[in-house]
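Working notes for the structure below.
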Amino acid sequence: MASQGQLEGLPARWLEARATSPARVLAVGLALATATALLLMPLSFLQRYQWNLATGLLFVLAWCLPTRWWPWLAGGTIASRIAMGVVIGERTGYQGAFLGYWADPLQFVLGNVLEPFLVMTGVCLLKAWKVHPGVRVGMRTEGKVHLAALLTAFAVTAKDLAYVVNDGVIADVKFAVVIGGQALRGDGAWAALGDFGVQHLLGNMIGVILFTPLVLWIFSPRYAVPSSRVIASALAVMAPAMALFVVLSLQFPSSEFAELLRRLLVAAIAAFTMWHGWRGAVVSMQMLTAAIALEVYLGVPLLTPLLLQTYLVVTGTMMLVFGGSVDDYRRQAADLLKARQREQRLLDELQDAALRNLQLEESERRRLARELHDEFGQNLAALQTHLKLAAPHLAEGGRLGIADLLLEITRNMQRNIGRVLADLRPAGLEQLGLFGAVDRGGIRRLAEDAGVALVVKLEGDARLLSQLDTTHATAIYRMAQEAVTNIVRHADARHAQIKLRISRRRNALWVFLDIRDDGLGRIDRMFAGNGLTGMRDRVLALNGALYLHQLSPGLRLHLMVRQSDDAPLTGR
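Numbering (this note's numbering), first residue to last: 456 to 1027.
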């Protein structure tokens, strides 16, 4: 049995499932050879070398099957070629010295034996590149398929050229009859041989690029848009254009207007490829090939067969690669969208976690503030009372100064605990609201004690301040407090300004805090420890942004936070 990597499609799996014993392998192989011969003979009978469909069919059969079945495939191909040689000899009346229908053994080998093995060279290249019928189609995949098709076309064309040189006559075959025989002698022999080689090369290339996209389509992963929709769209849009082209070619066989339409068809195919991607290019190229084939068989084209082949090969390969690039771009866009959605989910989770941490921090600050106030405050008050009661007894013992010293220590402890309580739970924020706490609370006292003239402004709708929740109001207050503390400690400033602006946009409250000073601070000398880390953490938790700008002199700190409407309205 072939490995799973070799089973590249339904035909391979079907064959492997039935080849369970040597006898069955023989029976299946004979059936495969017979089926190959029956498929190739009608194509060989109908086609001309300009449309070498038999080469394309043999290529995709070898591509879809594991290599263990290739000898049977080659046997069926050789049998069909020998049978067609006999039919051509009978219909043409040709008698040969070798087996009655070939001039010599070399002609027999060149005409009947080598072709399947030469076709398989391109398939081997695809297998080496791990490009199988089930692979996802893209620009690189289609480019590799075209390179393999070109290798196959070169190999088969080299064999055909050797056949002609050995035979000494250039001819075409139509309906199993030799036509247009031209002897290879005289001055024009090389030119005729060159035209013959180019036409066979392009014909073999056309045969491969017509069949390989269909196989890729059949075995490719499921698309988001059903294939039936692409085909229906092609029938509605592209089929009328192709029909118009054929009608004009029949009505005006020598008209340049028909050739103009031929060029406009390229633009139509390009637009349809942009619309439906690689599959749009495949179905458009099949229709275009059918239209031009009909034109050739009716004998009405203005262009020569060589130019028609070049038109088909260039248009086909270009549009298929273009369609693959369109699909690549759309997949990359979809992957990028998914990555952005995952990134947004991660950012939301990070922000939620940061907000929970901020809320836990504030909750812990309030708890510590209550415990300090209740425990230490009461104990210090009790200690002061007892010291006052003990003062007469100490005075009698001549130690009155000790009581005064202990009372002063307790008063210093009360002041220190008061400052700690103000840091843990700003009382002004609860009593005065956000703007009042910034304008008339501890932040102004801090600035004035340091000799900094502080100006506080409010812009926007002041009524919206009451809709800020406790977490946002506290965080904004603390960021303003930290900024002023930095100005006092490090900036050596004379003036500072705090501008608070609040507005409602897109179902959310937006608060902007603009803080400026005229000190000596410089951005290039700022360190993470200068309070910026804490402010950035708070801004991140509140789904905001923080910016620092250099002024002359001084610095400007601009930050923004957003509160959505689903937040609890517990602020002032």
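Where a beta carbon is used, it is the ideal one built from N, C-alpha and C, also for glycine.
All values derive from a computational prediction rather than experimental measurement.
1) Run through DSSP, which three-state label would Gly589 get?
2) Between which two residues does the beta strand (DSSP E) carrying Phe967 extend?
3) Taking 8 Å as the threshold (C-beta atoms), are Leu975 and Ala938 in contact?
4) Measuring only the C-alpha atoms, how far is Leu501 from Thr510?
5) Can you name the start and end residues of the beta strand (DSSP E) that Asp622 belongs to?
6) For the alpha helix (DSSP H) containing Leu703, list its first residue and its last residue.
7) Given Gly551, which residues of its chain have a CB within under 6 Å of its CB, disregarding the five upstream and five downstream residues?
8) Classify Met981 as helix, strand or coil using the three-state DSSP reduction.
9) Taking the C-alpha atoms as reference points, what is the distance between Gln1018 and Thr596?
10) With distance defined between alpha-carbon atoms, name the residue in Leu495, Gly530, Leu838 nearest to Leu512.
11) Rounded to whole angstroms, what is the Cα-Cα separation between Leu767 and Ala631?
12) With DSSP run on the structure shown, which of helix, strand or coil describes Ser958?
13) If Gly835 sits next to Met868, beta carbons under 8 Å apart, how far is it from one beta carbon to the other, in whole angstroms?
14) So, is Asn962 buried or exposed, given that buried needs 16 or more other C-beta atoms within 10 angstroms?
15) For Glu1029, report the span of its beta strand (DSSP E) as first-last.
16) Just the Cα atoms here: how many angstroms apart are Asn567 and Val542?
17) So for Ala808, helix, strand or coil by DSSP?
18) In the structure shown, what three-state DSSP assignment does Ala951 receive?
19) Throw me the rounded Cβ distance for the Leu415 and Met990 pair, which I believe falls under 8 Å.
20) Quick check: what's the CA-CA separation for Ile1028 versus Met729?
21) Nearest to Ile1077 by CA position, among Gly555, Asp916, Gly735, is which residue?
22) How would you call Phe553, buried or exposed, if buried means at least 16 neighbouring beta carbons within 10 angstroms?
23) Between Trp584 and Lys599, what straight-line distance do the alpha-carbon atoms span, to the nearest angstrom?
24) Under a three-way DSSP split, which group does Arg866 fall into?
25) Output yes or no for whether 8 Å exceeds the beta carbon distance between Leu656 and Thr607.
26) Between Gln764 and Ile661, is the Cβ-Cβ spacing less than 8 Å?
27) Quick one, are the C-beta atoms of Trp524 and Leu602 less than 8 Å apart?
28) How big is the Cα-Cα spacing for Ala850 and Gly897?
29) What are the boundary residues of the alpha helix (DSSP H) that Ile673 is part of?
30) Quick one: complete beta strand (DSSP E) runs, 3+ long, within the region 514 to 571?
31) On a Cα-Cα basis, can you pick out the residue from Asn871, His841, Glu903 that is closest to Leu448?
32) With 16 other CB atoms within 10 Å as the buried threshold, where does Asn507 fall?
33) Is the beta carbon of Val670 closer than 8 Å to that of Pro571?
34) Evaluate the contact criterion for the region 916 to 935 versus the region 884 to 894: three or more CB pairs, one atom per stretch, below 8 Å.
35) Among the residues of its own chain, which have a CB less than 7 Å from the CB of Ala902, if the five just before and after it don't count?
36) Suppose contacts are defined by Cβ-Cβ distances below 8 Å. Is Gly484 in contact with Trp527 by that definition?
On the basis of the data shown:
1) coil
2) 963 to 972
3) No. Outside cutoff.
4) 13 Å
5) Element bounds for Asp622: not the beta strand (DSSP E) but the alpha helix (DSSP H), 594 to 622.
6) Unbroken alpha helix (DSSP H) run through Leu703: 682 to 706.
7) Setting aside the 5 residues that flank it on each side, Gly551 is surrounded in the same chain by Trp557, Ala558, each with a C-beta closer than 6 Å to its C-beta; the list follows chain order.
8) coil
9) A straight-line Cα-Cα distance of about 50 Å links Gln1018 and Thr596.
10) Checked all of Leu495, Gly530, Leu838; the closest Cα to Leu512 is Leu495.
11) 25 Å
12) strand
13) Checking the sequence, you will find Leu at residue 835 rather than Gly. Correct: roughly 6 Å between the Cβ atoms.
14) exposed
15) Given a span of 456 to 1027 for the chain in the structure shown, any question on residue 1029 remains unanswerable.
16) Going by the C-alpha atoms only, they are around 13 Å apart.
17) helix
18) strand
19) Missing from the structure shown is residue 415; the chain here goes from 456 to 1027 and no further.
20) Outside the displayed range of the chain (456 to 1027) lies residue 1028, so it cannot be described from this structure.
21) The first residue shown for the chain is 456 and the last is 1027, placing residue 1077 beyond what the model contains.
22) exposed
23) 8 Å
24) helix
25) no
26) Contact flag set, yes.
27) In this structure, Leu602 does not lie closer than 8 Å to Trp524 by Cβ.
28) Straight across, the Cα-Cα distance linking Ala850 with Gly897 is about 40 Å.
29) 644 to 674
30) Secondary structure in the region 514 to 571: no beta strand (DSSP E) run of 3 residues or longer lies completely within the stretch.
31) Residue 448 cannot be examined here, being either before or after the span of the chain that is shown, 456 to 1027.
32) Asn507 sits buried, since 16 or more C-beta atoms from the chains shown fall within 10 Å of its C-beta.
33) no
34) Pairwise C-beta distances place the region 916 to 935 in contact with the region 884 to 894, as three or more of them are shorter than 8 Å.
35) So the qualifying residues of the chain are Leu909, Val939, Val943, Ala951.
36) yes
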